[in-house]
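Residue numbers (the working numbering): 1 to 152. Working notes, structure below.
Written out as structure tokens, the structure reads:
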């Protein structure tokens with residue numbers, strides 16, 4: 001009976017794995033991208049952070065002009081972070097995690113940077129894809145998006 005039980009268990013495991021493998025990625029393929037236009041590039045002064053509640057995100061424009069679209073969801077337990085301009089950091093009101101304007105963790109219990117959303121600049125407009133946030137461990141310069149240089 002033990003051999004029969006092992007064979008039945010293996011068949012059940014194989015059938016379950018085949019089912020999961022065949023449905024892999026289907027929901028994402030059918031998911032439409034949700035793009036939102038946040039505003040004109042010049043609406044965001046360098047060195048500022050702007051809340052955009054409809055997209056549940058913040059736009060961080062760095063001093064050198066680069067843009068980041070940061071999720072307002074704390075990576076600890078998902079509470080909404082608040083931008084504290086005087087402290088120049090995001091604070092989570094639930095457990096006091098803190099993040100800099102790049103989304104990097106300054107104060108635990110959060111141990112991962114704030115998620116980001118893909119951002120593009122087209123026709124001088126800042127456009128954010130809010131379909132799925134991008135998880136990350138920390139900031140990298142490759143995450144910044146700069147406005148195209150205009151010919152003078």
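No residue lacks a Cβ here, since even glycine has one placed at the ideal position from N, Cα and C.
When you compare the CB positions of residue i and residue j, do they come within less than 8 angstroms of one another, or not?
i           : j           : result
residue 46  : residue 62  : yes
residue 66  : residue 146 : yes
residue 56  : residue 77  : no
residue 134 : residue 121 : no
residue 99  : residue 119 : no
On a Cα-Cα basis, can you pick out the residue from the options that is closest to residue i?
i           : options            : result
residue 136 : 111, 147 and 34    : 111
residue 102 : 41, 49, 124 and 95 : 49
residue 58  : 80, 121 and 97     : 80
residue 41  : 123, 113 and 98    : 123
residue 106 : 117, 88 and 52     : 88
Name the DSSP beta bridge partners of residue i, please?
i           : result
residue 140 : Answer is none; residue 140 lacks a bridge partner.
residue 61  : 48 and 67
residue 75  : Answer is none; residue 75 lacks a bridge partner.
residue 107 : 98
residue 122 : 125
Quick one: grab the DSSP three-state call for residue i.
i           : result
residue 132 : coil
residue 153 : Outside the shown range of the chain, which is 1 to 152, sits residue 153, and nothing can be said about it.
residue 146 : coil
residue 41  : helix
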